[in-house]
Structures are given as structure tokens and as C-alpha cells.
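Working notes for the structure below.
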Amino acid sequence: MNASNLTCQFVRCTALIPGVVAASDGATDDQRRAAQIVLEFVISFSVCFFGIFSNTVVIVVFIKQGFRDSTAISMTTVSLWDLVKCVAGFMQRLEGPLELVSLALAYSWTNVSLAVCNYLVSFSCYVTSVLAAYVAVERCLCVIIPLKVKWLLTPKVALASCISISIVVFGCFVVIFGIYDVHLIFDPHFNTTVAIIKYNSFSNDNVALFGYYNMSGTLWPM
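Mapping to UniProt numbering: the sequence shown position 6 is 6, numbers consecutive.
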């Protein structure tokens, strides 16, 4: 979740684009390319597409049923954030299809998507994890005080809680999107203009800020 991780991913992904880095062994390059197609463009695309489809179905079902109780609202919010995660993952994997159109376009998309989609996937997971904790508390209350839970957790309370959790958790990390600038430069390898990302002045002037993100990226999954 930190800047160094993104740099490592940037180097790794650019190396996977054919023609960007010359391979020392043709067979090894072919094997690596085959593995990339299977992992990135088949498995990852399939998982993302299934996630988009299933979450869309869940959201539509809850909307048709109506939001008469807090459970429908909280589960719909969880599905919305999970849908965001799946869409971001799907968008990041578009590098493969774009290679069929233009290697330069795929290279630019890889650079930009790493600064946007990669973080969006992680941050949406953080929001979903907190919402899942809220749903767990909600279910516990239904068991402990079943006669009072409907009075305590009204649809308005559930909606306010879900919106607050989403804004607070996502807001704690959204500043990370502002540490990069997109630059258009001429690349002699592609003989055209490509997009790259660079740290901006905000990131250079607030180095201490990344201590928080480095720690949160390590501790949050625990």
C-alpha cells in the first residue's frame, strides 16, 4: 500500500509488456507470456466478471425487495463496495486487450491504472471489511436483543451508519490518490506519446505522511 510497493508493481508490469524489455531467452519469454495470459487475462478477468455479475444481481434483488429493514441496507452497501472493487480490478486488467490495439496505449494504461485502480481495489476492501464488522455487530444484536433491535437499528440509522463508515474509512486513504501526477512524454521505443506517473510536490513535501499509510497497509489486514 505504500509508494515503494507501487514502484515495484510498476516495474513488474512494464516488464510484462512485449517489446518493452528484451528477453534474454525466447523460450523463457514465451513461457512468461503464456503464464501472464492465463493468470492476468483469463483467471483475473473471469473472477472480476463473476464479481461484477453477482454483486449486480444482489443489488438489484435488494432494490426490488425494498429497504424495509437494516439488513437490506447494510448488505446492499457491502455489495456496492465489492462491486467497486471488482470493476477496478477489471479495469486494471484491460492492459491485455489494449495490447491488441496498441502497445503504447497498453503501456500508458498500465502506468495510470496502477496509480488509480490498484489503490481503489485496496481501499474498497478496507471499507468492505469495516462494513462486514458492522453487519456482524448487527447480527449479534438481533440474537441478543431481538425485541429491541428493530427499534434501535431502523433503516435510517442503518443508512446513516453505512454512509458514515464509507466516508470515514475511504476518506482516511483517499489522499493517496493525490501523490502522483500523470505526464505525457514522447517515448522513442514506441515512437509516440505515452503516459507515465511521477511523484508530485505534495508527496515530496509530506514524506512523514506515508509512515501512517505504511503502517496501516501492514496492520489493517490483521
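Glycine is no exception: its CB is placed at the ideal position from the N, C-alpha and C atoms. None of these values were measured; they are calculated from a predicted model.
Which word fits R12, buried or exposed, when buried means at least 16 other C-beta atoms lie within 10 angstroms of its C-beta?
For R12, the pLDDT reaches just 39, beneath the cut-off of 50, and the residue's location in the model is therefore unreliable, although a value from the coordinates is still provided. Burial call: exposed.
Taking the straight line between their C-alpha atoms, what separation do you get for F190 and A104?
Between the alpha carbons of F190 and A104 lies a gap of roughly 6 Å.
For I145, does the three-state DSSP call read helix, strand or coil?
The answer is coil: DSSP assigns I145 none of H, G, I, E or B.
Going along the chain, which residues of its own chain have a beta-carbon closer than 7 Å to the beta-carbon of G19, five neighbours each way excluded?
With a pLDDT of 42 at G19, under the threshold of 50, the predicted position of this residue should be treated as unreliable, though the coordinate-derived value follows. Within the same chain, Cβ atoms closer than 7 Å to the Cβ of G19 are found at L103, the five residues on either side in sequence being excluded.
So does the stretch 74 to 89 actually touch the stretch 44 to 63, counting three or more Cβ pairs closer than 8 Å?
Put simply, the stretch 74 to 89 touches the stretch 44 to 63. At least three CB pairs are less than 8 Å apart.
On the DSSP bridge list, what partners appear for A72?
For A72, DSSP assigns no beta-bridge partner whatsoever.
What does the Cβ neighbour count give for Y199, buried or exposed, with the cut at 16 atoms within 10 Å?
Answer is exposed; the Cβ neighbour count stays below 16.
Within the same chain, show all residues whose beta-carbon is closer than 7 Å to that of D25, passing over the 5 residues directly before and after it, in chain order.
Caution is warranted here: a pLDDT of 48 is assigned to D25, below 50, making its placement in the model unreliable, and the coordinate value is therefore given only provisionally. For D25, where only same-chain residues beyond five positions count, there are no Cβ hits under 7 Å.
Could you round the C-beta distance between S70 and L153 to whole angstroms and report it? I think they count as a contact, below 8 Å.
With a Cβ gap of about 4 Å, S70 and L153 count as contacting.
First and last residue of the alpha helix (DSSP H) that includes L98?
Taken as a continuous stretch (DSSP letters only), the alpha helix (DSSP H) holding L98 covers E95 to E99.
Where L153 falls: helix, strand or coil (DSSP)
DSSP, read as helix, strand or coil, puts L153 in coil.
DSSP beta-bridge partners of D187
When DSSP reads this structure, D187 sits in a beta bridge with T192.
How would you label R93, buried or exposed, when you count the other beta carbons within 10 angstroms and need 16 or more for buried?
Around the C-beta of R93, 16 or more other C-beta atoms lie within 10 Å, and the residue is accordingly described as buried.
Using the C-alpha atoms, what's the distance from L83 back to A35?
Those two C-alpha atoms are separated by around 27 Å.
Give a yes or no on whether the C-beta atoms belonging to I196 and I185 are separated by under 8 Å.
Taking 8 Å as the Cβ cut-off, I196 and I185 qualify as a contacting pair.
Of all the options V47, V42 and V78, which has the alpha carbon lying nearest to the alpha carbon of V58?
Answer by Cα proximity: V78.
Rounded to whole angstroms, how far is the Cβ of I73 from the Cβ of L159, which I believe are closer than 8 Å?
Indeed, because the Cβ distance is near 5 Å, the residues count as touching under 8 Å.
Under a Cβ-count criterion, where at least 16 other Cβ atoms within 10 Å of its own Cβ denotes burial, should F202 be classed as buried or exposed?
Counting C-beta atoms within 10 angstroms of its own C-beta, F202 has fewer than 16 neighbours from the protein chains shown and is therefore classed as exposed.
If we count the other Cβ atoms within 10 Å of its Cβ and call it buried at 16 or more, is W151 buried or exposed?
Answer is exposed; the Cβ neighbour count stays below 16.
I165 and Y134 - do their beta-carbons sit closer together than 8 Å?
Yes, they are a contact pair.
Whole-Å CB distance - A106 paired with L114, under 8 Å assumed:
Cβ atoms of A106 and L114 stay farther apart than 8 Å, at about 13 Å.
How should C117 be labelled, buried or exposed, when 16 other C-beta atoms within 10 angstroms of its C-beta is the threshold for buried?
The residue is buried, with at least 16 neighbouring Cβ atoms inside 10 Å.
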